[in-house]
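**Student:**
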Amino acid sequence: MAVLGSIIKSAIDLRDNLVSEDSPVEAQKKVLKNLLEKAQNTAFGKYYGFKRILNSEDIEKEFSESIPFHDYDKMTKEWWHRVHDGFEDITWPGKPQYFALSSGTTGKTSKRIPVTKMMMEAIRNTGIKQVGALTNFDLPSDFFEKEIMMLGSSTDLEKRDEFKEGEISGISASNIPFWFRGYYKPGEEISKIADWDERVQTIAERANEWDIGALSGIPSWMELMMKKVIDYNNLNTIHDIWPNLQVYTSGGVAFQPYEKSFNQLLAHPITVIDTYLASEGFIAYQQRPDTTAMKLVTDNGIYFEFVPFKPEYVNKDGSIAQEAPVLNLSEVEKDTDYVLIMSSVSGAWRYLIGDTIAFTNIEKAEIIITGRTKFFLNVVGSQLSVNKMETALRKLEQQFDIKLPEFTIAAVKIDNEFYHHWYLGTTAETDEEELAKALDNALQEANKNYKVARGKALKGVKVTRVSTDVFHEWNAKNKKKGGQVKMEKVMDEEKFAEWEDFVNSTQQ
Numbered sequence: 002m003a004v005l006g007s008i009i010k011s012a013i014d015l016r017d018n019l020v021s022e023d024s025p026v027e028a029q030k031k032v033l034k035n036l037l038e039k040a041q042n043t044a045f046g047k048y049y050g051f052k053r054i055l056n057s058e059d060i061e062k063e064f065s066e067s068i069p070f071h072d073y074d075k076m077t078k079e080w081w082h083r084v085h086d087g088f089e090d091i092t093w094p095g096k097p098q099y100f101a102l103s104s105g106t107t108g109k110t111s112k113r114i115p116v117t118k119m120m121m122e123a124i125r126n127t128g129i130k131q132v133g134a135l136t137n138f139d140l141p142s143d144f145f146e147k148e149i150m151m152l153g154s155s156t157d158l159e160k161r162d163e164f165k166e167g168e169i170s171g172i173s174a175s176n177i178p179f180w181f182r183g184y185y186k187p188g189e190e191i192s193k194i195a196d197w198d199e200r201v202q203t204i205a206e207r208a209n210e211w212d213i214g215a216l217s218g219i220p221s222w223m224e225l226m227m228k229k230v231i232d233y234n235n236l237n238t239i240h241d242i243w244p245n246l247q248v249y250t251s252g253g254v255a256f257q258p259y260e261k262s263f264n265q266l267l268a269h270p271i272t273v274i275d276t277y278l279a280s281e282g283f284i285a286y287q288q289r290p291d292t293t294a295m296k297l298v299t300d301n302g303i304y305f306e307f308v309p310f311k312p313e314y315v316n317k318d319g320s321i322a323q324e325a326p327v328l329n330l331s332e333v334e335k336d337t338d339y340v341l342i343m344s345s346v347s348g349a350w351r352y353l354i355g356d357t358i359a360f361t362n363i364e365k366a367e368i369i370i371t372g373r374t375k376f377f378l379n380v381v382g383s384q385l386s387v388n389k390m391e392t393a394l395r396k397l398e399q400q401f402d403i404k405l406p407e408f409t410i411a412a413v414k415i416d417n418e419f420y421h422h423w424y425l426g427t428t429a430e431t432d433e434e435e436l437a438k439a440l441d442n443a444l445q446e447a448n449k450n451y452k453v454a455r456g457k458a459l460k461g462v463k464v465t466r467v468s469t470d471v472f473h474e475w476n477a478k479n480k481k482k483g484g485q486v487k488m489e490k491v492m493d494e495e496k497f498a499e500w501e502d503f504v505n506s507t508q509q
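With my numbering applied, the sequence shown corresponds to residues 2 to 509, in that order.
Set out below in structure tokens:
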């Protein structure tokens, strides 16, 4: 019997039974009040009158009416450039310990997002909540004695002036609690290897030394790591070397597109748990097994607002129009796409992180990620969001019995007429014209705006099949492998031309 595992599981159960939580709506009111109180004497707090907001009858309403929306560029140009230069008390008391580097999906120069001591505490506390939620998934006691493979960016953070910086997964892993270090793999030494290919090769070489019970990381990079381990050790599945692997926690992107290809690397099904850790904070995690939705973290350092995701509110660059209406948690509706707005203990205020979400359960504050504000294709009124694209691709997977984990799309002009050109990552040899026709039909069935566009300005769909490796190498060329790197799903004409040139160069 797994005595230690039974003790750990019982301790987690006891903690969950003793801890009582406010309702999500009440928790959010407390978080906002706490944020305003702590930051009222910062330069930002004084400029926008946090003391006045705190004395108002409706703090949430006054807050939303007093402060404009900020994206990274606006926040940095007006405020964070002084934080980068080492000034104190700008948007949060004191100075941040770290800067989280995030190139997002644009491939431009990395953003430098402040990560304060209080944000690190918030991330750790949410991590503990997530571990506590594992008891809801009916896992055996011995699971809690196994090791966890966390595949993120390098923990060898760069020193820049008085700060350290790196991707948020590397910052978080470099701050794991001392009691967890024995469970954490690949361990501190390997995690500091900056080159992703070298790090994964080392993991493959050392894999037989570990008893892995859980994996954690972005699906596309986790797949590549497992393939490397399987190939290097001449195995059939990952369970041949890690027989006790029972859980995979996905982070930052939806797991569903990768489900078919991921499962082919396993000997038997494992429990998949979604999490939502961004450079700006730990936003949500899956709390229970009978849903794929995630519980929004409403009581831990982040205040959320929600802008209805409609074309008239989203600017061409993905930012939000200042006149766009905004809702708090008590006002949202189920199954409606919203742009997520955050204010946090890192000094981000009414901050657009670029993601869109929808609520699946309002009472439990459970959400799914539905896309990105920049990944919204509306050139000819088709109003295609990423979740609608993904839904159509899942139908294609079923119809043709193929795997389509990666894709990108652009609206292109051919002979003065618009077409949607899709690049699908797959090893299948299905006819491209058949795929295009099926994809077009699936989108028309699921999206009335797309169907209208197809009857007017949008003349057709073109599909090009490429290896999924091309998507990985594109990311390596434009950013780097591993970590928080994600593929851009929608490209403008200029970026798409670069993409096509790159694809052609790989096939010569």
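Using N, Cα and C, we set each Cβ at its ideal position, and we do this for glycine too.
(1) Let me know the secondary structure DSSP gives residue 374 once reduced to three states.
(2) My output table needs one value for residue 513: the three-state DSSP class, helix, strand or coil.
(3) Would you mind listing the alpha helix (DSSP H) stretches within the stretch 60-100 that are 4+ residues and don't spill past its ends, in chain order?
(4) Any chance the stretch 76-89 sits against the stretch 303-319, with 3 or more Cβ pairs inside 8 Å?
(5) Note the first and the last residue of the continuous beta strand (DSSP E) segment covering residue 49.
(6) CA-CA distance, residue 114 and residue 357?
(7) For the stretch 102-174, list the alpha helix (DSSP H) runs that are entirely contained and at least 4 residues long, ordered along the chain.
(8) What is the DSSP secondary structure of residue 490, counted as helix, strand or coil?
(9) Determine the extent of the beta strand (DSSP E) in which residue 466 is found, giving its start and end residues.
(10) On the three-state DSSP scale, how would you describe residue 1?
(11) Decide if residue 317 is buried, meaning its Cβ has at least 16 other Cβ atoms within 10 Å, or exposed.
(12) Under the rule that 16 or more other beta-carbon atoms within 10 Å means buried, what is residue 183, buried or exposed?
(13) Compute the Euclidean distance between the alpha carbons of residue 441 and residue 462, then round it to the nearest angstrom.
(14) Hey, how far is the Cα of residue 92 from the Cα of residue 350?
(15) Cα separation between residue 129 and residue 226?
(16) Name the two residues that bound the continuous beta strand (DSSP E) containing residue 330.
(17) Please identify the residue among 313, 365, 362 and 499 whose C-alpha is closest to the C-alpha of residue 340.
(18) Can you tell me where the beta strand (DSSP E) with residue 217 in it begins and where it stops?
(19) Determine which residues share a DSSP beta bridge with residue 568 and list them.
(20) Assuming the contact rule is C-beta atoms closer than 8 Å, residue 397 and residue 408 should be a hit. Round their C-beta distance to whole Å, please.
(21) Run through the DSSP bridge pairs and tell me what residue 408 is partnered with.
(22) Within the same chain, show all residues whose beta-carbon is closer than 6 Å to that of residue 46, passing over the 5 residues directly before and after it, in chain order.
(23) Output yes or no for whether 8 Å exceeds the beta carbon distance between residue 32 and residue 336.
(24) Can you give me the C-alpha to C-alpha distance between residue 164 and residue 195, rounded to a whole angstrom?
(25) Assuming residue 29 and residue 330 are in contact, meaning their beta carbons sit under 8 Å apart, how far apart are those beta carbons, in whole angstroms?
(26) Following the continuous alpha helix (DSSP H) through residue 264, name the residue where it begins and the one where it ends.
(27) By alpha-carbon positions, which one of 260, 369, 366 and 386 ends up nearest to residue 406?
(28) Would you mind giving the Cβ-Cβ distance between residue 399 and residue 439, rounded to the nearest angstrom? I have them listed as a contact below 8 Å.
(29) In whole angstroms, give me the CA-to-CA distance for residue 167 and residue 279.
(30) Taking DSSP's pairing of strands, which residues face residue 283 in a bridge?
(31) For residue 464, collect the residues of the same chain with a Cβ closer than 7 Å to its Cβ; drop the 5 residues on either side in sequence, then sort them by chain order.
(32) Please report how far the alpha carbon of residue 123 lies from the alpha carbon of residue 508, in whole angstroms.
(33) Counting along the chain, where does the beta strand (DSSP E) carrying residue 417 start and finish?
(34) For the alpha helix (DSSP H) containing residue 449, name the first residue and the last one.
(35) Rounded to a whole number of angstroms, what is the C-alpha to C-alpha distance between residue 320 and residue 403?
(36) Any idea if residue 428 is buried or exposed, counting beta-carbon neighbours within 10 angstroms, 16 or more meaning buried?
**Tutor:** By the coordinates alone:
(1) Here residue 374 corresponds to residue number 373 of the sequence shown, with the count starting at 1. Coil.
(2) Since the displayed the chain opens at 2 and closes at 509, residue 513 lies outside it and no answer follows.
(3) Counting only unbroken stretches of 4 or more residues, the alpha helix (DSSP H) elements lying wholly within the stretch 60-100 are 60-67, 73-76 and 82-85, in sequence order.
(4) With the cut-off at 8 Å, the stretch 76-89 and the stretch 303-319 do not touch.
(5) For the purposes of this step, residue 49 is taken as residue 48 along the sequence shown, with counting starting at 1. Careful: residue 49 lies outside any beta strand (DSSP E) and carries neither H nor E.
(6) Counting from one through the sequence shown, the residue named residue 114 turns up at place 113. Counting from one through the sequence shown, the residue named residue 357 turns up at place 356. Straight through space, the alpha carbons of residue 357 and residue 114 are spaced by roughly 20 Å.
(7) Those alpha helix (DSSP H) runs which fall completely within the stretch 102-174 and span 4+ residues are 118-134 and 169-174.
(8) Counted from its first residue, the sequence shown places residue 490 at position 489. The answer is coil: DSSP assigns residue 490 none of H, G, I, E or B.
(9) Here residue 466 is taken as the residue at index 465 of the sequence shown, counted from 1. Per DSSP, residue 466 belongs to the beta strand (DSSP E) from 459-467.
(10) The structure shown does not extend to residue 1, since the chain is modelled only from 2 through 509, so no value can be given for it.
(11) The sequence position of residue 317 within the sequence shown is 316, counting from 1. Exposed.
(12) Taking the first residue of the sequence shown as position 1, residue 183 is located at position 182. Exposed, by the Cβ-count rule.
(13) One-based indexing of the sequence shown puts residue 441 at position 440. One-based indexing of the sequence shown puts residue 462 at position 461. Roughly 6 Å separates the two Cα atoms.
(14) For the purposes of this step, residue 92 is taken as the residue at position 91 of the sequence shown. For the purposes of this step, residue 350 is taken as the residue at position 349 of the sequence shown. About 8 Å.
(15) For this step, residue 129 is matched to residue 128 along the sequence shown. For this step, residue 226 is matched to residue 225 along the sequence shown. Near 26 Å, if we compare the C-alpha coordinates of residue 226 and residue 129.
(16) On the sequence shown, residue 330 is found 329 positions in, with the first residue counted as 1. DSSP places residue 330 in no beta strand (DSSP E); its state is neither H nor E.
(17) Here residue 340 corresponds to residue number 339 of the sequence shown, with the count starting at 1. Minimum Cα distance to residue 340 is reached at 313.
(18) Reading the sequence shown from its first residue, position 216 is the one you call residue 217. Looking at the DSSP string, the run of the beta strand (DSSP E) that includes residue 217 is 213-218.
(19) Coverage of the chain is limited to positions 2 through 509, which leaves residue 568 absent and any answer about it impossible.
(20) Walking along the sequence shown from the start, residue 397 turns up at place 396. Walking along the sequence shown from the start, residue 408 turns up at place 407. About 10 Å separates the Cβ atoms of residue 397 and residue 408, ruling out a contact at the 8 Å cut-off.
(21) Along the sequence shown, one-based indexing puts residue 408 at 407. Paired residues: 425.
(22) Here residue 46 corresponds to residue number 45 of the sequence shown, with the count starting at 1. The answer, listed in chain order, is 40.
(23) On the sequence shown, residue 32 is found 31 positions in, with the first residue counted as 1. On the sequence shown, residue 336 is found 335 positions in, with the first residue counted as 1. Residue 32 places its beta carbon 8 Å or farther from that of residue 336.
(24) Within the sequence shown, numbered from 1, the residue matching residue 164 stands at position 163. Within the sequence shown, numbered from 1, the residue matching residue 195 stands at position 194. Approximately 18 Å, taken between the alpha carbons.
(25) Walking along the sequence shown from the start, residue 29 turns up at place 28. Walking along the sequence shown from the start, residue 330 turns up at place 329. Between residue 29 and residue 330 the beta-carbon gap is near 5 Å, inside 8 Å, which marks them as a contact.
(26) One-based indexing of the sequence shown puts residue 264 at position 263. Residues 260-264.
(27) As a working mapping, residue 406 is identified with position 405 in the sequence shown. Checked all of 260, 369, 366 and 386; the closest Cα to residue 406 is 260.
(28) Locating residue 399 in the sequence shown gives position 398, where the first residue counts as 1. Locating residue 439 in the sequence shown gives position 438, where the first residue counts as 1. In this structure, residue 399 and residue 439 do not form a Cβ contact; the two beta carbons are roughly 10 Å apart against a cut-off of 8 Å.
(29) Here residue 167 is taken as the residue at index 166 of the sequence shown, counted from 1. Here residue 279 is taken as the residue at index 278 of the sequence shown, counted from 1. Cα to Cα, the separation comes out at about 13 Å.
(30) As a position in the sequence shown, residue 283 is number 282, starting the count at 1. Answer is 278.
(31) Translated into positions along the sequence shown, residue 464 becomes position 463. Cβ within range, chain order: 423, 425, 433, 436, 437 and 440.
(32) One-based indexing of the sequence shown puts residue 123 at position 122. One-based indexing of the sequence shown puts residue 508 at position 507. Pairing residue 123 with residue 508, the inter-Cα distance amounts to about 46 Å.
(33) Taking the sequence shown and counting its residues from 1, the one referred to as residue 417 is at position 416. No beta strand (DSSP E) holds residue 417; DSSP gives it neither H nor E.
(34) Translated into the one-based positions of the sequence shown, residue 449 becomes position 448. For residue 449, the enclosing alpha helix (DSSP H) covers residues 449-455.
(35) Start at 1 with the first residue of the sequence shown, and residue 320 comes out as number 319. Start at 1 with the first residue of the sequence shown, and residue 403 comes out as number 402. Using only the alpha carbons, I get a separation of about 36 Å.
(36) Taking the first residue of the sequence shown as 1, we reach residue 428 at position 427. Exposed.
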